[in-house]
Structures are given as structure tokens and as C-alpha cells.
Amino acid sequence: LYKGGTSQDLVAVGLLNPDKKTYDDGKKEFLFRISIPNMLSFLATRDFDGYVPGISDIIEGGYTDSDNQRALSFEEKQLKGRQAINSLALYRQAKAGKDTAAMNIHAKELNDNIACFGYGYIDKAEDSVPNVPLCFYSFRVMVLLGAYFVVFFALMLFLSKRDMLHKYRWTQYLAVVSIFLAYITAQSGWIVAEAGRQPWAIQDILPVGVGVSSVSISGVQTTFMIFAILFTVMLSAMIGIMVKQIRKGPQN
């Protein structure tokens, strides 16, 4: 959703325009789409006629948010964020110099702008927008496969209750395939959660790029190798136990 408004539809199925690169390039969003009327407004506000801001609205600001306050534009948030960063630096200097009066002044300035602290590290408005195609398609894969599993387990329960599973061998093949679909569903949800929150490690406060730890490369490599060896040993043990039990066969 690039341009928001009231009574917004939810795109159930759609193909994004690959030529659209930024929120303000003027190109249309979709090549085609099938939407559910007013559903996005209902999901976002519990009101079929509720207002839902789009990417452009969030960046440009000016609309009334859920707290009945005027939403700030990216430029306003960026300015407040840089003021907060500067106030924090001055506060630390005052603290080092044991200047209590200056500490109080800069602490107040910091508190006044802390809600936008992270925007001070972001140079361009486009950098505050997550990867739209990745989130769009991942979300729909997650929902589609989630609906599939509801139907799948309902069918399996129905056939199992009537002792009919053995009559339909295709259900067994479908069950094996569904193992891999479960992983795809979980990973799609993870992508939506992690890619959708970008660029934030802490919303509006700490961008991911600023939150990078100072752990050395050798430290990361050592930790990786320890876990790789540990899980390889566990996998080998598990496979060994499984093979041993398979060779023994059923007890009866």
C-alpha cells in the first residue's frame, strides 16, 4: 500500500510491477491484483471504513495517527533524531565534566526527541522502507500454505477417524511433501517478520546498521565452528540410532 486512505482493500492475490523501484516514482503498483473490499481497513483498525496510511503517507506525514496526533514526516523525524543524537553526545560531555546544569538541559532535550532517535542515523527516506516485494510475496505464501495446512489436517483427521487413510495412498505422499511445505511456511513467516521490520532493530530508536555488535570476525568464526561440530555430532548420533532401530525391525 503506497497511498493510503479509508476503506482500503486487502490484496489477496497480485503481481507487483517490477519497474516500480521507489515509493514516489509515479509508476503503478500492480500489474494485476484481486482484492477483498475494505478488508485491510478492518484488519488494521477493526473498522471497515478505517483509515490506513500507505508508505507515501508515512514518509510525508500530515495524517492523523491512531493517537489522534498529526503524524510527523520523515524529514521532521530525521531532524528530531539528529537533535537527540547531538543532545546525547552533549549530555555525555557534561557528565564527564560533572556539569549538572548542562546535564539537566541536555537530558530534557534528549527526552523531548527520543521517540525519533533512530531517524537521525538514516540519510534517505527510501532507506526507511523495507523490501516491499519480498514482504508482499512472503506474506501471501505464508497465508496460502497456512490455509492449506488447515484443510490438510482436517482431511487427515476425517480419514483417520473413519480408518480410511490406508485406502488412499496419495495422502501418504501428500503428507511427506507437506513436511517440506511446513518449513517453507515457517521461513516465509520469518521473512515477513524480519524483513518487514527493516531498517529497525528497535522501532524508531535503533537501526540495524547502528546496532551491529563489535564482535570480531575470529569470534564469530569460532562460535560458528563450535555449533557446526556440535550439531554434526548430534545428527550423526541420531542417524546412527535410527539405522540401528531400523535394522532391528519391529519387536512383534
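Residue numbers (my numbering): 112 to 363.
Think of the CB as a built atom: it goes at the ideal place given N, C-alpha and C, for glycine as much as any other residue.
All values reported here derive from a predicted model rather than from experimental measurement.
Within 7 angstroms, strictly: CB atoms of residue i and residue j
i, j, result
"G192", "F228", "yes"
"V163", "G125", "no"
"T296", "L256", "yes"
"Q194", "N215", "no"
"N242", "A339", "no"
"H217", "Y202", "yes"
"S198", "L221", "yes"
"A205", "A213", "yes"
Inter-residue CB distance, residue i and residue j (contact presumed, cutoff 8 angstroms)
i, j, result
"M253", "V319", "Not really, about 22 angstroms apart at Cβ, beyond 8 angstroms."
"L121", "I147", "5 angstroms"
"F263", "S289", "6 angstroms"
"A226", "D315", "6 angstroms"
"F247", "L127", "6 angstroms"
"T117", "G161", "7 angstroms"
"A312", "G300", "Their Cβ separation, rounded to whole angstroms, is 19 angstroms, which puts A312 and G300 out of contact at 8 angstroms."
Per-residue burial, residue i [other beta carbons within 10 Å of its own, 16 or more giving buried]
i, result
"K188", "buried"
"Q119", "buried"
"I233", "buried"
"L365", "Nothing can be reported for residue 365, as the shown portion of the chain is limited to 112 through 363."
"L346", "exposed"
"V151", "Correcting the residue type first, residue 151 is Leu in the shown sequence and not Val. Counting Cβ neighbours within 10 Å, L151 comes out buried, since at least 16 surround it."
"F335", "exposed"
"F291", "exposed"
"A236", "buried"
"S239", "buried"
"S249", "buried"
"F185", "buried"
Extent of the continuous alpha helix (DSSP H) run through residue i
i, result
"S271", "V243 to K272"
"A213", "T211 to N224"
"L199", "F185 to A207"
"L151", "M150 to T156"
"L276", "Where L276 is concerned, there is no enclosing alpha helix (DSSP H), given that its DSSP letter is neither H nor E."
"E237", "Per DSSP, E237 belongs to no alpha helix (DSSP H) and is neither H nor E."
"S118", "Where S118 is concerned, there is no enclosing alpha helix (DSSP H), given that its DSSP letter is neither H nor E."
"I170", "I166 to E171"
Delimiting residues of the beta strand (DSSP E) encompassing residue i
i, result
"I145", "F141 to I147"
"I313", "W311 to I313"
"V323", "It is not in any beta strand (DSSP E) - V323 carries neither H nor E in the DSSP assignment."
"G125", "L121 to L127"
### Message
With a threshold of 8 angstroms, are at least 3 pairs of Cβ atoms found where one atom belongs to the segment 156 to 176 and the other to the segment 128 to 137?
### Response
Under the Cβ criterion (8 angstroms, minimum of three pairs), the segment 156 to 176 counts as touching the segment 128 to 137.
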